[in-house]
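Following: one structure in structure tokens, then a few remarks.
In our numbering, the protein residues as written are 42 to 206.
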């Protein structure tokens, strides 16, 4: 996110995961130097409400046991989330947690955005091969915001897919 903090700024918008504050310059003030906000909803799809794009942590039992089932039950409790929240690097949509457990103001604000979202969608780029998700797709989204046509962006991304088949 160096471009956000350059003088003059080299960019004004940066799409990134919840860990991005770890890369902010020391002394960055949330709400003054950088902030987080809902990604704008689709004007033509008001039924989507206030969407959030993200990733998720999944827990599953691979060998059934009483201890494994007890651990899954523990993960359903606010305390489990609050312990994780206090460690940093974790936001939760669980509405029963104490929001003061967040390790930082940045995570607290991100957690509030997630908890108040009416729609959540997984970030598909996380599941794409690196050359696409962190390559042509990433660049394509920047190009789209910069004014390149959706068709041209889609064509460029498809060329990348075709090259790795």
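Glycine is no exception: its CB is placed at the ideal position from the N, C-alpha and C atoms.
Backbone CA spacing between residue i and residue j [nearest angstrom]
i: residue 82; j: residue 133; result: 21 angstroms
i: residue 155; j: residue 65; result: 21 angstroms
i: residue 161; j: residue 90; result: 10 angstroms
i: residue 60; j: residue 42; result: 11 angstroms
i: residue 98; j: residue 67; result: 28 angstroms
i: residue 103; j: residue 111; result: 14 angstroms
i: residue 168; j: residue 197; result: 19 angstroms
Own chain, CB closer than 6 angstroms to residue i, minus 5 neighbours either side, in chain order
i: residue 51; result: 44
DSSP-derived helix/strand/coil call for residue i
i: residue 142; result: helix
i: residue 93; result: strand
i: residue 63; result: helix
i: residue 71; result: strand
i: residue 161; result: strand
i: residue 199; result: helix
i: residue 54; result: coil
Nonlocal neighbours in the same chain, by C-beta distance under 7 angstroms from residue i, ignoring five residues either side
i: residue 201; result: 172, 173, 176 and 177
i: residue 137; result: 119
Min CB distance residue i to chain B below 7 angstroms
i: residue 127; result: Absent from the structure: chain B. Only one protein chain is present.
Contacts around residue i, its chain only, beta-carbon distance under 8 angstroms, and the 5 residues preceding and following it disregarded
i: residue 139; result: 119 and 123
i: residue 87; result: none
i: residue 158; result: 79, 90, 91, 92, 93 and 134
i: residue 205; result: 170, 172 and 173
i: residue 126; result: 132, 133, 138, 142, 143, 144, 148 and 152
Worksheet item: Pairing CB atoms from the stretch 148-166 with CB atoms from the stretch 71-82, are three or more of them under 8 angstroms?
Response: Touching, yes, given that three or more Cβ pairs across the two stretches are closer than 8 angstroms.
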